[in-house]
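Under the numbering used here, the first residue of the sequence shown carries the number 5, and numbering increases by one thereafter. Beta carbons: idealized from backbone N, C-alpha and C, even for Gly. Quantities reported herein were computed from a predicted structural model and do not represent experimental measurements.
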Amino acid sequence: MEQFGYLSIGILVSYLVGAIPFGLFLARIKGIDILNQGSGNIGATNVGRVLGAKYGLAVFVLDALKGALPAKAGMLYLDTPLGPEIAGILMGAAAIFGHLFPIYLKFKGGKGIATSAGAMAMLVPIPLALALLTWAAFTSSWGFVSLGSLASTVALCSAQAFIALKSGTQGSMYLLAFTFLATVLVWIKHIPNIRRIWAGAENRVKDSTLWRSVASILLQLSLGIWLGTVVFFTGVIGPGVFTWFEKLCVTENPPYWLPTPEAFKANTPAGFPNPLLKEQASRLAGVVVSPAFPIYFSIQVICGFTAMIILWGNQRRNPAGTLGKTMLACIGVGLLLAIAGWAWEPKVEKDRIERARLTDQVLLQKEYNQDLVQSALKARKDFTNSHLVSLGLNMTSALGMLAGIILFAIVSAKRNVEPEQAPLEN
Numbered sequence: 005m006e007q008f009g010y011l012s013i014g015i016l017v018s019y020l021v022g023a024i025p026f027g028l029f030l031a032r033i034k035g036i037d038i039l040n041q042g043s044g045n046i047g048a049t050n051v052g053r054v055l056g057a058k059y060g061l062a063v064f065v066l067d068a069l070k071g072a073l074p075a076k077a078g079m080l081y082l083d084t085p086l087g088p089e090i091a092g093i094l095m096g097a098a099a100i101f102g103h104l105f106p107i108y109l110k111f112k113g114g115k116g117i118a119t120s121a122g123a124m125a126m127l128v129p130i131p132l133a134l135a136l137l138t139w140a141a142f143t144s145s146w147g148f149v150s151l152g153s154l155a156s157t158v159a160l161c162s163a164q165a166f167i168a169l170k171s172g173t174q175g176s177m178y179l180l181a182f183t184f185l186a187t188v189l190v191w192i193k194h195i196p197n198i199r200r201i202w203a204g205a206e207n208r209v210k211d212s213t214l215w216r217s218v219a220s221i222l223l224q225l226s227l228g229i230w231l232g233t234v235v236f237f238t239g240v241i242g243p244g245v246f247t248w249f250e251k252l253c254v255t256e257n258p259p260y261w262l263p264t265p266e267a268f269k270a271n272t273p274a275g276f277p278n279p280l281l282k283e284q285a286s287r288l289a290g291v292v293v294s295p296a297f298p299i300y301f302s303i304q305v306i307c308g309f310t311a312m313i314i315l316w317g318n319q320r321r322n323p324a325g326t327l328g329k330t331m332l333a334c335i336g337v338g339l340l341l342a343i344a345g346w347a348w349e350p351k352v353e354k355d356r357i358e359r360a361r362l363t364d365q366v367l368l369q370k371e372y373n374q375d376l377v378q379s380a381l382k383a384r385k386d387f388t389n390s391h392l393v394s395l396g397l398n399m400t401s402a403l404g405m406l407a408g409i410i411l412f413a414i415v416s417a418k419r420n421v422e423p424e425q426a427p428l429e430n
């Protein structure tokens, strides 16, 4: 009961802290009533638009702290029978609710982006990082802060859903529910913005060197990392690991720290690698490489999405004709094939494990059972086929991405060298 009382006080204090209108206070210091300027919102976007970027940044930081401090305090100092995540979630949610519906301003508050970001930084830092990347990509290339904010909440919720499904822990499910609730609240508060975007009346950020630089940096990084990851993993690490282990294993004098099991010294059953030491090398390489595949595909998908967002936004604002559309299509195909490869990878891993299991059963027998040998050979063939599909998806995805990069270079070069049209003479 005492624990519940402390938590209740923490939630109330979090709401009151979240309700502090820092944007209103900073604007009043400058002699401006922010409620009657711009969109009339007390958040960082409107303050930055009315007072300047440095004031908008200051409000963003202060509003983010309103969410971060209560969430962190709840996780550190309060506990519940359901785990410390619940205290952090409830206090973080109370702070966000306070910003959205502040008692000091007759429950008319901001959009909750900065305060939500602060709470999420403490509770779900990895999904938040992806959300911030999404926000920066959309805002810098499409020109709408509101669109970037809405897209970032979807990225946040999607990333946490992926983590929750992978881990399956109770705490991750609570955090997923929290991110979903925060996303719904932010979208509700952005309904007027959605209507203005649909009507073509939403305010854009100023087309400044800063925003163009952000878009350019993110685009070049995403394409460069995507290309570099594919080349390094597919061309160097993948084949290299198998070659290195084969050199270590298929030798009369293997290193003392890599002893050869007796099963791999036996006669080779028909259809198995000859000598069997190649199977040991293949097994070791598979164990090393397989954990890297989820990271490999996640890097591709994140970079592909980032590049697609920015190129699509640039194409809408500065159309590049058929060449630009083809570039977008190539990057899109590369991204979709990377997603398909990621989705196919569990099948490859399942076949790899089954191949190893049945191969072990064959090799550990004193006399080879032909029925078991045939089952093992079928499992080996199934793995080979699924692995070939994975390689095909990987290579075609890389070709789509590479074609998109080449077309992007051509489009950029054409824009740089096209002379300005001379004025017509009278």
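Remark: three or more beta-carbon pairs, one from each stretch, lie closer than 8 Å, so the region 150-162 and the region 128-140 are flagged as touching. Taking all protein chains in view, the Cβ of Pro74 is crowded by 16 or more other Cβ atoms within 10 Å, so the residue is classified as buried.
Secondary structure at Pro350: helix, using DSSP grouped into helix, strand and coil. For Ser379, the uninterrupted alpha helix (DSSP H) segment begins and ends at 374-421.
In the same chain as Pro277, and ignoring 5 residues on each side of it, the C-beta atoms closer than 6 Å to its own belong to Glu283, in chain order. As the crow flies, the alpha-carbon of Ile313 is around 36 Å from that of Phe29.
In the structure shown, the three-state DSSP call for Val209 is coil. In chain order, Phe301, Gln304, Val305, Gly308, Ser401 place their CB closer than 7 Å to the CB of Ala342, counting only its own chain and leaving out the 5 sequence neighbours on each side.
Between Val21 and Ala125, the CB-CB gap reaches or exceeds 7 Å. Around the beta-carbon of Val235, fewer than 16 other beta-carbon atoms lie within 10 Å, marking it exposed. A Cβ-Cβ distance of about 53 Å is found for the pair Ala360 and Arg419, leaving them out of contact under the 8 Å criterion. For Pro273, same chain residues with a beta-carbon under 7 Å away, outside a window of 5 residues either side, are Val366, Tyr372, Val377 in chain order.
For Thr173, the three-state secondary structure derived from DSSP is coil. Its chain contains Arg356, Ala360 as the residues whose beta carbon lies nearer than 8 Å to that of Gly290, once the 5 sequence neighbours on both sides are disregarded; these appear in chain order. Between the region 107-115 and the region 46-60, the count of C-beta pairs closer than 8 Å reaches three or more; the two stretches touch. The beta carbon of Val254 sits closer than 8 Å to those of Pro279, Leu281, Lys282, Ala285, all from its chain and outside the five residues before and after it, given in chain order. Counting only runs of 3+ residues, no beta strand (DSSP E) is found wholly inside the region 187-236. If you look at Thr264, you'll find it isn't in any alpha helix (DSSP H); DSSP assigns it neither H nor E. In this structure, DSSP gives Leu82 a state outside helix and strand, which the three-state scheme calls coil. Note that the region 155-162 does not touch the region 197-206; fewer than 3 beta-carbon pairs, one per stretch, sit closer than 8 Å. If the five residues before and after Ala72 are omitted, its C-beta is found closer than 7 Å to the C-beta atoms of Gly122, Ala123, Ala125, Met126, all from its own chain and listed in chain order.
For Pro243, the uninterrupted alpha helix (DSSP H) run begins and ends at 242-253, by DSSP. Taking 7 Å as the cut-off, the Cβ atoms of Thr143 and Lys70 do not count as close. Lys193 counts as buried, since no fewer than 16 other beta carbons sit within 10 angstroms of its beta carbon. Of all C-beta pairs linking the region 333-347 to the region 163-181, fewer than three are shorter than 8 Å, placing the two stretches out of contact.
The alpha-carbon of Asp67 is positioned some 7 Å away from that of Phe26. The C-beta distance from Ala311 to Trp230 rounds to 7 Å, short enough to fall under 8 Å.
Under the three-state reduction of DSSP, Leu368 is assigned to coil, being neither helix nor strand. Cβ contact annotation for Gly60 (same chain, cutoff 6 Å, sequence separation greater than five): Ala48, Val51, Gly52, in chain order.
Taking 7 Å as the cut-off, the beta carbon of Val63 is found no closer than this to the beta carbon of Gly147. In the pairwise beta carbon analysis, the region 92-108 is classified as touching the region 182-201: at least three pairs are separated by under 8 Å. Per DSSP, the unbroken alpha helix (DSSP H) holding Ala135 starts and ends at 129-146. Under the DSSP assignment, Asn50 falls in the alpha helix (DSSP H) whose first and last residues are 48-55.
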